[in-house]
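Numbering (this note's numbering) for the sequence shown: 274 to 737. Every residue gets a Cβ at the ideal spot worked out from N, C-alpha and C, and that includes glycine.
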Amino acid sequence: MGGSASGDVTSPRGPALRGGAPAALARQILRAPFCARARREIEYCLVAVPVGLAGFLVVGWVLAPSLLVSASVLGTVVGLLGVVLALRLARRFGSLYRGVVARLLGEQVAGPPPFRRPSGSVIVRLDARLRDGPAWRAVGYVLLRAPLGFAQYLVLSFWVCGAVDLSYPLWWPLFRNPPRGTTLKPAVAITPPPFSSFVHASDWGGSLLVAIFGAFLLLSAPWLTRGAVAVDRWLIRSLLGPGTLAQRVRDLEQARTRVVDDSVALLRQVERDLHDGAQVRLAAMAMNLGMAKEKLGADGQPPDVDRVRELVDAAHLGAKEALVELRELVRGIHPPVLEVGLGEALATLAAGSAIPVQITADLPARPTPAIETIAYFCMAELLANATKHSAANNVDVCVGITDSEHDQVLRLQVCDDGLGGADAAQGSGLAGLERRVGTVDGRLVVDSPPGGPTRISVELPMKA
């Protein structure tokens, strides 16, 4: 049950998974139209298209004339007041969009900071309104809703047309489509706008082709819906959320709060461990030594050697146990093995695991001590989770340094062949790891489908 420092990190079931990848992909494609995510995204598009159209018409109808009027000398004041009204409407619609995304997609987007009305003359307040950056970003999103709403409309047409065309052989006999070239207008299959009049059926064979075309539309619709919704989510986060600087300040404030809370919790844990462990043993040792001192004899009485030996032995045992607890406590605060290096520290963890662990470490440079400590405790928690919950037979660990967009990052990946189903959102130990990693702008990625395997990646900056 030891750790090895060589060899590639491969899952024990890797060849089987590679061989079954096409079948797994086919099952994923066939299940996509019926999964809960597809249903939520359809509901979102059904709501977002009319709401987006209403926002575009209202804000655009107010903003465009106001800008035209404000360009003239006589209508400047009236036009600017209209622009201010459009900005306030855009903020309201932005709040509405964030609520729709939160309710239907579960995407919690923090709102921008509220507008702070300055004191002063009307000109000062008007100037502040016109400089409202979040409102202008909301205007941008409302205007972009027009092409995005059209794309989502096309996506919805794929669902409707696919369902109708798939059932085409069932209701085709009601119409008996005549062949092309007749005076009667043929009832071609219902198709989304990009494929208008692309499919035509004039017999049973043609109706089957229409059904196949409908199946193609239904199988492709979830992925098109996912793409359109992903673009919408990105726009909402970018334009309707707080600005980059405000979001960064908010993230730093939350990280600082988590660090302070974790520090307080750690101090309380240390106090409890000292009070309930080492302090009790040291007190017992002091009592045993005091009793031994009394048994040594006083006023010329002979000492009770056997009893003194028992008390000294008990005190000696208590001292050793207290020393072990103190060492464990120190190791929990900062493992001494990290002084040698992160690779050796992780190998020590792997050697003590209840599940066989293979570890591959490629660390040409050392991260800062804080990052090494976080990586060490992350791996300790992940190995503990695998032992308790995964029923895995093998664990592969790979740690190395990779290049990111801005700088190098430390990447720790833990893979097991267990039951899968791990989810950081369920309030397990993974949620605590996600908070710990987030304090240094790190990232935790969990890939654990039901049935396994589980792959968890931790990415940390080289410097805290």
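Kindly list the residues whose CB is nearer than 6 Å to the CB of E314, restricted to its own chain and excluding five residues on each side of it in sequence; keep chain order.
Result list for E314: T498, V502, in chain order.
Pull up the distance between the alpha-carbon of K661 and that of G725, whole angstroms please.
Looking at the two C-alpha atoms, the distance is approximately 15 Å.
In three-state terms, what does DSSP make of S440?
In this structure, S440 counts as coil in the three-state DSSP scheme.
According to DSSP, P306 sits in a beta bridge with which residue or residues?
None, per the DSSP bridge assignment.
Tell me where the beta strand (DSSP E) around E380 begins and ends.
E380 -> no beta strand (DSSP E), and no H or E assigned at all.
Output the boundary residues of the alpha helix (DSSP H) element that contains P642.
Element bounds for P642: 642-658.
Whole angstroms is fine: what's the gap from L733's alpha carbon to A648's?
If I take the Cα positions, the gap works out to 8 Å.
Taking a contact to mean a Cβ-Cβ separation below 8 Å, would you say L512 touches R410 in this structure?
In contact: L512 and R410 (Cβ atoms closer than 8 Å).
For a test of the three-state rule: what should DSSP assign to G673, helix, strand or coil?
Reduced to three states, the DSSP call for G673 is strand.
Rounding to the nearest angstrom, what Cα-Cα distance links A460 and S480 in this structure?
Note that A460 scores 41 on pLDDT, short of 50, meaning its location in the model is unreliable and no value can be drawn from it.
Can you tell me the Cα-Cα spacing of L421 and V373, whole angstroms?
About 16 Å.
Can you find the residues in the same chain that come closer than 7 Å, C-beta to C-beta, to D586, ignoring five residues on each side of it along the sequence?
So the list is empty, once near-sequence residues are dropped.
Excluding the 5 residues preceding and the 5 following L491 in the sequence, name in chain order all residues of the same chain whose CB lies nearer than 8 Å to its CB.
P306, F431, W432, G435, A436, L439, listed in sequence order.
How would you label D696, buried or exposed, when you count the other beta carbons within 10 angstroms and need 16 or more for buried?
Result: exposed.
Classify A460 as helix, strand or coil using the three-state DSSP reduction.
Only weak support is given to the placement of A460: the predicted model assigns it a pLDDT of 41, under 50, and the value that follows is read from those uncertain coordinates. Reduced to three states, the DSSP call for A460 is coil.
Under three-state DSSP, which class holds A357?
In the sequence on display, residue 357 carries Val and not Ala. Helix at V357.
From P442 to G487, what does the alpha carbon distance come to, in whole angstroms?
Taking the straight line joining both Cα atoms gives about 11 Å.
Identify, in the order they occur along the chain, each residue of the same chain with its Cβ nearer than 6 Å to the Cβ of A419, setting aside the five sequence neighbours on each side.
So the qualifying residues of the chain are F329.
Could you tell me which residues DSSP puts in a beta bridge with P734?
Per DSSP, V682.
How many angstroms separate the CA atom of P515 from the CA atom of E380?
For P515 and E380, the distance between alpha carbons rounds to 15 Å.
If contacts are defined as beta-carbon pairs under 8 Å, then L619 and V682 qualify, I think. What distance do you get, rounded to the angstrom?
Rounded, the Cβ-Cβ distance is 17 Å, inconsistent with contact.
Taking only the alpha-carbon atoms, compute the straight-line gap between G275 and I628 and give it to the nearest angstrom.
In this prediction, G275 scores a pLDDT of 38, lower than 50, which makes its location untrustworthy; no coordinate-derived value is stated.
Using a Cβ-Cβ cut-off of 7 Å (strictly less than) and excluding sequence neighbours within five positions of A311, which residues of its own chain qualify?
These residues qualify, in order along the chain: A305, P495, T498.
Checking 8 Å against the spacing of the C-beta atoms, do R398 and R390 come in under that value?
Yes, the pair counts as a contact, with Cβ atoms nearer than the cut-off.
I'd like to confirm the pairing. Which residues does DSSP put opposite T498 in its beta bridges?
According to DSSP, which records beta bridges pairwise, T498 is partnered with nothing at all.
What did DSSP end up calling R291 once you bin it into helix, strand or coil?
Note on R291: pLDDT 42, under 50, position unreliable in the model; the coordinate value appears next. Note: R291 maps to helix in three-state DSSP.
Given this structure, state the Cα-to-Cα distance separating L685 from L636, to the nearest angstrom.
When rounded, the distance between both Cα atoms is 11 Å.
Figure out for me which residue from V719, L303, V428 has the closest Cα to the Cα of V687.
Comparing Cα-Cα distances from V687 to each of V719, L303, V428, the minimum goes to V719.
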